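Position one of the sequence shown corresponds to residue 254 (the working numbering), numbered consecutively onward.
Think of the CB as a built atom: it goes at the ideal place given N, C-alpha and C, for glycine as much as any other residue.
Keep in mind the model is a prediction, meaning the values are calculated, not measured.
Remarks on the structure that follows.
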Amino acid sequence: MDLRRISARHLRHLLAPWFAAGWTPADVLHALDHLPDGRPWTFAGRVRHVPGWIGHRLAAWRDADGRPVISKSQRLAAAAAAERARQAARRRESEERYARSLGGPRRWAPQMPRAEALAPAPAVPAEPSPPTAAWRAARAALAARLAARP
Numbered sequence: 254m255d256l257r258r259i260s261a262r263h264l265r266h267l268l269a270p271w272f273a274a275g276w277t278p279a280d281v282l283h284a285l286d287h288l289p290d291g292r293p294w295t296f297a298g299r300v301r302h303v304p305g306w307i308g309h310r311l312a313a314w315r316d317a318d319g320r321p322v323i324s325k326s327q328r329l330a331a332a333a334a335a336e337r338a339r340q341a342a343r344r345r346e347s348e349e350r351y352a353r354s355l356g357g358p359r360r361w362a363p364q365m366p367r368a369e370a371l372a373p374a375p376a377v378p379a380e381p382s383p384p385t386a387a388w389r390a391a392r393a394a395l396a397a398r399l400a401a402r403p
């Protein structure tokens with residue numbers, strides 16, 4: 254279906270209740286293509302009256318009082334928030350169980366301050382440092398061993 258057959262102003266007027274209810278454009282497109290239970294709408298053929306078609310398709314997404322129901326993205330966001338809450342509760346329960354087993358709260362290793370962690374790496378000197386005395390002594394011993402070989 255091509256929604257460009259009606260003006261943007263008319264489309265905005267038709268969709269105002271859904272946008273006021275927090276729906277996104279993607280939610281509206283999903284509702285135009287799917288029933289609230291997730292089944293796709295059957296093929297409609299050529300649409301003669303676009304505003305009527307939009308009203309018919311979106312009528313399935315209204316509650317008994319005529320207000321838009323919760324959209325797909327709102328349902329997904331609520332499910333994600335509920336899952337995060339369950340994870341936080343499990344994490345707290347695990348921490349409490351761990352604290353009871355050790356007789357105190359878990360102690361984590363100290364972390365470096367955020368500013369220090371995000372600071373750029375120190376500059377590398379332009380000239381390489383000269384070899385140390387220990388390196389020179391090891392190199393001389395190796396050269397002497399190699400010279401003593403037949």
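With distances taken from CA atoms, which of the options is nearest residue i?
i, options, result
"residue 300", "309, 293 and 292", "309"
"residue 314", "306, 402 and 289", "289"
"residue 258", "306, 284 and 312", "306"
Grab me the residues of residue i's own chain with a C-beta within less than 7 angstroms of its C-beta, minus the 5 sequence neighbours each way, in chain order.
i, result
"residue 321", "270, 271, 274, 276, 314 and 315"
Assuming residue i is part of the alpha helix (DSSP H), what are its boundary residues?
i, result
"residue 303", "303-312"
"residue 354", "325-355"
"residue 381", "No alpha helix (DSSP H) holds residue 381; DSSP gives it neither H nor E."
"residue 272", "261-273"
"residue 256", "Run containing residue 256: none; DSSP gives neither H nor E here."
"residue 282", "278-286"
"residue 294", "Segment: none, residue 294 is in no alpha helix (DSSP H) and carries neither H nor E."
"residue 367", "367-371"
"residue 430", "What is shown of the chain runs 254 to 403, which leaves residue 430 out entirely."
In chain order, what residues of the same chain have a beta carbon less than 8 angstroms from the beta carbon of residue i, not counting five sequence neighbours either side?
i, result
"residue 280", "271, 324, 325, 326 and 327"
"residue 381", "none"
Considering only heavy atoms of the ligand ADP, does any lie closer than 6 angstroms to the CB of residue i?
i, result
"residue 368", "With respect to the ligand ADP, the structure shown offers nothing to examine, as it has no ligands at all."
Roughly how many angstroms separate the alpha carbons of residue i and residue j, rounded to a whole number?
i, j, result
"residue 319", "residue 268", "13 angstroms"
"residue 344", "residue 360", "15 angstroms"
"residue 287", "residue 278", "14 angstroms"
"residue 398", "residue 368", "51 angstroms"
"residue 384", "residue 374", "24 angstroms"
"residue 353", "residue 389", "58 angstroms"
"residue 304", "residue 285", "12 angstroms"
"residue 403", "residue 377", "43 angstroms"
Which residues in the same chain as residue i place their Cβ atom closer than 6 angstroms to its Cβ, once the five residues preceding and following it in sequence are excluded?
i, result
"residue 283", "325"
Is the CB of residue i under 7 angstroms away from at least one CB in chain D?
i, result
"residue 299", "In the structure shown, chain D does not exist; there is a single protein chain."
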